[in-house]
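Undergrad: If you count by full-length UniProt numbering, then the sequence shown holds residues 1 to 418, one letter each, in order. Cβ coordinates follow ideal geometry from the N, Cα and C atoms, glycine included. Please read these numbers as outputs of a predicted model, since none were measured by experiment. Dropping a structure here in structure tokens format, bear with me for questions.
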Amino acid sequence: MAGGTSQLDGLRGPEQGSSPAVKAVVRPMEETDLAGVNKLRTLIYPHYPEAHYTDWHESVWNWLGTHPAGDQLHRWVVAAGDEIVGHLAATPQYYRIDGRRVLAHTPADYQVMPQYGFQALSIMRKFFRTVENCVACDMVPTVIAVETRLGAVEAGKMQYAAKLLDVSRLPSPNLDDARRLFSRNGAGARGAYRGFEEPGAAVVEEDPGPPPVRPRAPIPAPVKGLLNRGLAVVDEALWSGMGDRVKVSRLGGAFDPSFDELFEDVAAIVPCIPEKDAAFLNWRYGPSSPQYPATVLVAREGERLLGYAVLRVTREGEDGYILDLTARPGRHDAARALLRETVREFRKQGTHIIRYRFSDSPTSPRKADLWRLGFFPRNDRSNTLLVKLADKGLHETARDIGNWSYGVGDGEATFWVR
């Protein structure tokens, strides 16, 4: 079991003498629970303004209900009398595993007040007793420990690479600042709330206080501009000849049938992949999506689609995320070209830093290409892919991350990125 027993200490309930006065129960969420769930979010994330954006959160849930398997969406609450003290959802997604279509669920929006730690385990147990198959992408050790305790297995660690485009994001070299940054709650950088920086991090944790502000190096504006221009010049020199023969352009409209063909060709080679045909991609990144508008780049050879990349810049405009980069297996030139144009696109949009989480697969760029383009590894902050499938044969295939083509934009981890 991942993490060991110590990771579950916070899930055993309150200390003797501090038990809640009202017995808490796990039950399906009802429409009348909505106000309580919204209040719970502000108690779990008291220092994040996004926690108070109730209309936006409801728009995300309404969108999830439009998924082709939306009737398989489940939500539960932990209720203590009239108070909602916990919440968990099961979001559905189709996968192609060993050539078979599989519906699996992901634990989502996992929140429990710290004094109800035992119910954090109970509500996750309800998830695993309800769904047949599970695929999850998590980062927080306590959450991973709960999932593995209830039967999920770690398929492996995803890759995490980042690239600096603006030197204003360089951290201060002050050691005291560094110690604070990497303390228990040192992940308080922009994007940590409900994104894939730390999905579910507040579950069964005491209120840690406001997240620390990452200290930045004091660089004068003229020097900063000069250094940033220098970074751009170095990039152009580094990627000279990388995929130059592959044409990359912006997708001008909806995902078309060429994406269906690409998906089927990928699924014929890669054993495990989310079912990312045109219908799914239009749902995931189209006008109703929380991440709309996203920038979509496509690589083509004539009319043939070689691959695509989906890019998203946060509303603050500083952080850029590669949500998906999929190239046709065997066409590493297309993956390189898409990666190169991704960097150029983010730089044009004024992004300060690029973040990319993915599984190393025949559809992704090679690590050597990432390092050549100036990306650096952040695998100390990587996500873990976990699976539990009812079919033993499919489970054995899925439990090895080497069999997967998976990007962090494919699942629940990025649904709440604004």
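Do the region 259-271 and the region 351-359 meet, that is, are 3 or more Cβ pairs less than 8 Å apart?
TA: Flag = no, the region 259-271 and the region 351-359 do not touch.
Undergrad: If you check the beta carbons only, do GLY407 and LEU305 fall under 8 Å apart?
TA: No, they are not a contact pair.
Undergrad: Just tell me which of THR54, ASP109 and HIS105 has its CA closest to the CA of HIS87.
TA: Closest option to HIS87, Cα to Cα, is ASP109.
Undergrad: Less than 8 Å between C-beta atoms, sequence neighbours within five positions excluded: which residues of the same chain meet that for ASN62?
TA: Nothing listed; no residue qualifies.
Undergrad: With a threshold of 8 Å, are at least 3 pairs of Cβ atoms found where one atom belongs to the region 280-287 and the other to the region 243-257?
TA: With a cut-off of 8 Å, the region 243-257 and the region 280-287 count as touching, because enough Cβ pairs lie within range.
Undergrad: Roughly how many angstroms separate the alpha carbons of VAL143 and VAL112, rounded to a whole number?
TA: So the alpha carbons of these two residues sit roughly 12 Å apart.
Undergrad: Check each candidate in GLU50, GLU58 and MET124 and name the one with the smallest Cα separation from VAL78.
TA: Closest by alpha carbon: MET124.
Undergrad: DSSP on LYS247, reduced to helix/strand/coil?
TA: LYS247: strand per DSSP, three-state reduction.
Undergrad: Is THR106 helix, strand or coil by DSSP?
TA: THR106 falls in the strand class under three-state DSSP.
Undergrad: Hey, would you say MET29 sits closer than 8 Å to PHE358, going by beta carbons?
TA: Cβ distance not < 8 Å, so MET29 and PHE358 don't count as in contact.
Undergrad: Would LYS276 be called buried (16 or more neighbouring beta carbons within 10 Å of its own) or exposed?
TA: Per the 10 Å Cβ criterion, buried.
Undergrad: What are the boundary residues of the alpha helix (DSSP H) that includes HIS52?
TA: Segment: none, HIS52 is in no alpha helix (DSSP H) and carries neither H nor E.
Undergrad: Measuring CB atoms only, is the region 131-140 touching the region 306-326, in the sense that at least three cross pairs come out at less than 8 Å?
TA: They do not touch, by the three-pair rule.
Undergrad: Taking the alpha helix (DSSP H) that ALA278 belongs to, which residues open and close that run?
TA: That run of the alpha helix (DSSP H) goes 278-285.
Undergrad: By how many angstroms is the C-alpha of ALA155 removed from the C-alpha of ALA250?
TA: Note that residue 250 is Arg in the sequence shown, not Ala. The alpha-carbon atoms of ARG250 and ALA155 are separated by roughly 34 Å.
Undergrad: Could you give the distance in angstroms between the alpha-carbon of ASP333 and the alpha-carbon of SER405?
TA: Their backbone Cα atoms lie some 18 Å apart in a straight line.
Undergrad: Kindly give me the distance between the Cβ atoms of GLU341 and VAL248, rounded to whole angstroms, as I take these residues to be in contact under 8 Å.
TA: That pair is a contact at about 4 Å.
Undergrad: Considering only the alpha carbon of each residue, which of GLU345, ALA90, ALA161 and ALA145 lies closest to PHE128?
TA: Cα-wise, what sits closest to PHE128 is ALA90.
Undergrad: Compare the C-alpha of ARG245 against each of GLU301, LEU238 and PRO287 and name the closest.
TA: Here the closest residue by C-alpha is GLU301.
Undergrad: On the CB-based measure, 16 or more other CB atoms within 10 Å of its CB, does GLY409 come out buried or exposed?
TA: It is buried - the Cβ of GLY409 has at least 16 other Cβ atoms within 10 Å.
Undergrad: Quick check on the burial criterion: 16 or more other C-beta atoms within 10 angstroms. Buried or exposed for TRP371?
TA: Label assigned to TRP371: exposed.
Undergrad: Using only the alpha-carbon positions, how far apart do TYR116 and GLU236 sit?
TA: C-alpha separation (whole angstroms): 54 Å.
Undergrad: Let me check understanding here. Comparing Cα to Cα, which of MET139, ARG378, GLU345 and PRO329 lies closest to GLY320?
TA: Looking at the Cα atoms, GLU345 is the closest of the given residues.
Undergrad: Who are the Cβ neighbours of GLY70 in its own chain at under 8 Å, not counting the five residues just before and after it?
TA: Once the five neighbours on either side are set aside, the close Cβ partners of GLY70 are LEU64 and PRO92.
Undergrad: Under 7 Å Cβ to Cβ from THR54, same chain only, skipping five residues before and after it: list those, please.
TA: Here the set comprises ASN38.
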